[in-house]
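Participant: Starting off with a structure, shown below.
2 protein chains.
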Amino acid sequence: MKVIELHASVTAGNDREAAALREEMRRQGTLLINLMSSPGAGKTTLLSRIIRDLPETGISVLEADIASTVDAGRIEALGAEAVQVHTDGMCHMDAGMTAEAVRALTPGRSRLAFLENVGNLICPAEYDTGAALSVMILSVPEGDDKPLKYPLIFQKSDALVITKLDALPYFDFQVEKCIQRAKKLNPKICIFPVSAKTGEGMAELERWLLESLKDWQEQSGR
Amino acid sequence: MKVIELHASVTAGNDREAAALREEMRRQGTLLINLMSSPGAGKTTLLSRIIRDLPETGISVLEADIASTVDAGRIEALGAEAVQVHTDGMCHMDAGMTAEAVRALTPGRSRLAFLENVGNLICPAEYDTGAALSVMILSVPEGDDKPLKYPLIFQKSDALVITKLDALPYFDFQVEKCIQRAKKLNPKICIFPVSAKTGEGMAELERWLLESLKDWQEQSGR
Chain A
12 MKVIELHASV
22 TAGNDREAAA
32 LREEMRRQGT
42 LLINLMSSPG
52 AGKTTLLSRI
62 IRDLPETGIS
72 VLEADIASTV
82 DAGRIEALGA
92 EAVQVHTDGM
102 CHMDAGMTAE
112 AVRALTPGRS
122 RLAFLENVGN
132 LICPAEYDTG
142 AALSVMILSV
152 PEGDDKPLKY
162 PLIFQKSDAL
172 VITKLDALPY
182 FDFQVEKCIQ
192 RAKKLNPKIC
202 IFPVSAKTGE
212 GMAELERWLL
222 ESLKDWQEQS
232 GR
Chain B
12 MKVIELHASV
22 TAGNDREAAA
32 LREEMRRQGT
42 LLINLMSSPG
52 AGKTTLLSRI
62 IRDLPETGIS
72 VLEADIASTV
82 DAGRIEALGA
92 EAVQVHTDGM
102 CHMDAGMTAE
112 AVRALTPGRS
122 RLAFLENVGN
132 LICPAEYDTG
142 AALSVMILSV
152 PEGDDKPLKY
162 PLIFQKSDAL
172 VITKLDALPY
182 FDFQVEKCIQ
192 RAKKLNPKIC
202 IFPVSAKTGE
212 GMAELERWLL
222 ESLKDWQEQS
232 GR
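First to last, the protein sequences are chains A and B. Counted from 1, the first sequence has number 190 at position 179 by my numbering; the numbering is strictly sequential. Counted from 1, the second sequence has number 59 at position 48 by my numbering; the numbering is strictly sequential.
Spelled out as structure tokens, the structure:
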């Protein structure tokens, strides 16, 4: 019982911090996107492609990992700003941790900031990070049954990116079935099947990102 | 600070429950194996193959999921006993939950019981479930860098099964590099690269399972 009460209290405090961070990002005119997926679904590969495809946008990445600097190194090699966050074993990012990471960014350098959350389909979905949008990735090798097993993350995400589309011939993954299952949980979710390797579907995803950025900056009065 | 203290206390209570469950399973002569992986790494497919390959062994599966009965249905269709556990949003199984699931098994029916933990590389590694052995799965599409990012689960596992080996031609995954990284974290870990689809490597894994079962039953005086 005590555990449940504590969890509720932590969540309420987190929600306040998340709202404050969102307001601060709105003032700055920087769109912060919380990117969630299983380990190895291709978050960093997708971001690398977006950074290369949108060189004028000003993109930065907050890399949350339990350990290593592998991903931040890959992002920096592309010339984008990267901040590595080590979560000390924590299985998700909360708003306080995200705010601390955002403060490490060079002020005014980026307009679009991605929080690459810890690889996990469960815990990250339970915490508001303060991001304006949440985007989840599901990769083809993981299977089209994931909406049935991990419903919350599909419900909490504004967009679902289905990655590794080039691997479709080798796996028993039905894109239409996956889309139906996700839409049943969240009728408003935007869905983008892509291959960061071949570039298939990337233009639609990138258009959505740029439109979301434009909307956000209009809200900030820029 | 309170959160940390509570966590320590919960863990201590969990460790006592885990030791009691392990002792009970030893008396019964049933080997309980905690199977952990990311979502979609192929736990159920691997178990299905093992059940078909070892029809005389008496295998049961405890399926832990946040939602759905997809996996338990697949196991039952093979004639093995399956218990579906819904974790009510919990991202891992602890010893108390595992003990409850074990009590739902038909007494004396199985000698080898698998706990298919919630798909997550982080939280399950932090809790002793009371299983005699922990086995983790890493699938080829997830990438060979996972030991660098999720070290704890590699440290806590007795064996690592590298699955979807048939997908090697389509992904940039170096088996030797992955083995080196895992062994660096845990020199004693047993590693089995397999494809449940083609059967490659399954004989070695199944031999290890049967030897572990024999050792366990000798310890139980059977």
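Beta carbons: idealized from backbone N, C-alpha and C, even for Gly. Source: prediction; values computed, not measured.
Could you name each continuous alpha helix (DSSP H) segment of 4 residues or more that falls completely within the stretch 87 to 117 of chain B, going from the start of the chain to the end?
Facilitator: 106 to 114
Participant: If you reduce the DSSP assignment to three classes, tell me which class A:T80 lands in.
Facilitator: Here A:T80 carries a coil assignment [DSSP, helix/strand/coil].
Participant: If you measure between the beta carbons of A:M108 and A:V94, is that distance less than 8 Å?
Facilitator: no
Participant: For a contact defined as C-beta to C-beta under 7 Å, what are the partners of B:G51 on chain A?
Facilitator: S49, P152, E153, G154, K157
Participant: Hey, B:L126 and B:L43 are a contact pair by Cβ (cut 8 Å); roughly how many whole angstroms apart?
Facilitator: Between B:L43 and B:L126 the Cβ distance is about 6 Å, and since that is below 8 Å, they are a contact.
Participant: From A:D171 to B:L132, what distance separates their C-alpha atoms?
Facilitator: One point to set straight first is that residue 171 of chain A is Leu, not Asp, in the sequence displayed. Cα to Cα, the separation comes out at about 21 Å.
Participant: Against chain B, with Cβ distances strictly below 8 Å, would A:P162 count as a contact?
Facilitator: yes
Participant: Please return the same chain residues whose Cβ sits closer than 6 Å to the Cβ of A:T56, not counting the five positions on each side in sequence.
Facilitator: A207
Participant: Can you tell me whether B:P50 is helix, strand or coil according to DSSP?
Facilitator: Residue state, collapsed to three classes: coil.
Participant: Judging by CA-CA distance, which residue of A:E87, A:I173, A:Y181 is the nearest neighbour of A:E187?
Facilitator: A:I173
Participant: Determine which residues of the stretch 84 to 97 of chain A have a Cβ less than 8 Å from any Cβ of chain B, and write them out in chain order.
Facilitator: none
Participant: Using beta carbons (cut-off 8 Å, strictly below), is A:A210 in contact with chain B?
Facilitator: First, the residue type needs correcting, since residue 210 of chain A is Gly and not Ala in the sequence shown. Not closer than 8 Å to any Cβ of chain B, the Cβ of A:G210 fails to qualify, so no.
Participant: Is it true that the CB of A:T140 sits closer than 8 Å to the CB of A:A29?
Facilitator: yes
Participant: Using a cut-off of 7 Å between C-beta atoms, extract the partners of A:D76 located in chain B.
Facilitator: K160
Participant: Quick one: is A:A19 near chain B, going by C-beta distance under 8 Å?
Facilitator: For A:A19, the pLDDT reaches just 47, beneath the cut-off of 50, and the residue's location in the model is therefore unreliable, leaving the point undetermined.
Participant: Only counting the same chain, and skipping five residues up and downstream in sequence, which positions put a Cβ closer than 8 Å to that of B:Q230?
Facilitator: R37.
Participant: Any beta-carbon of chain B closer than 8 Å to the one on A:S206?
Facilitator: no
Participant: So, using beta-carbon positions, are B:S79 and A:L159 closer together than 8 Å?
Facilitator: The Cβ atoms of B:S79 and A:L159 lie closer than 8 Å to each other.
Participant: According to DSSP, simplified to helix, strand and coil, what is A:T140?
Facilitator: coil
Participant: Check whether chain B comes within 8 Å of A:E16, counting only Cβ atoms and requiring the distance to be less than that.
Facilitator: Reliability fails at A:E16, whose pLDDT of 39 lies under 50, so the model's placement of it is uncertain and no value is given.
Participant: In the structure shown, what three-state DSSP assignment does A:L17 receive?
Facilitator: Confidence in A:L17 is poor, its pLDDT being 36 and thus under 50, which makes the residue's placement too unreliable to answer from.
Participant: Would you say A:Y138 reaches chain B, if we count a Cβ-Cβ gap shorter than 8 Å as a contact?
Facilitator: no
Participant: Starting from A:P204, follow its DSSP beta bridges and name the residues at the other end.
Facilitator: A:I173
Participant: Could you give the residue range of the alpha helix (DSSP H) that holds A:A193?
Facilitator: It spans 186 to 196 - the alpha helix (DSSP H) in which A:A193 sits, taken as one unbroken run.
Participant: Let me see if you follow: with CB-CB separation under 8 Å, is A:V129 close to chain B or not?
Facilitator: Yes, because at least one Cβ of chain B sits closer than 8 Å to the Cβ of A:V129.
Participant: Between A:A23, A:L65, A:L116, A:L179, which has its C-alpha nearest A:L216's C-alpha?
Facilitator: A:L65
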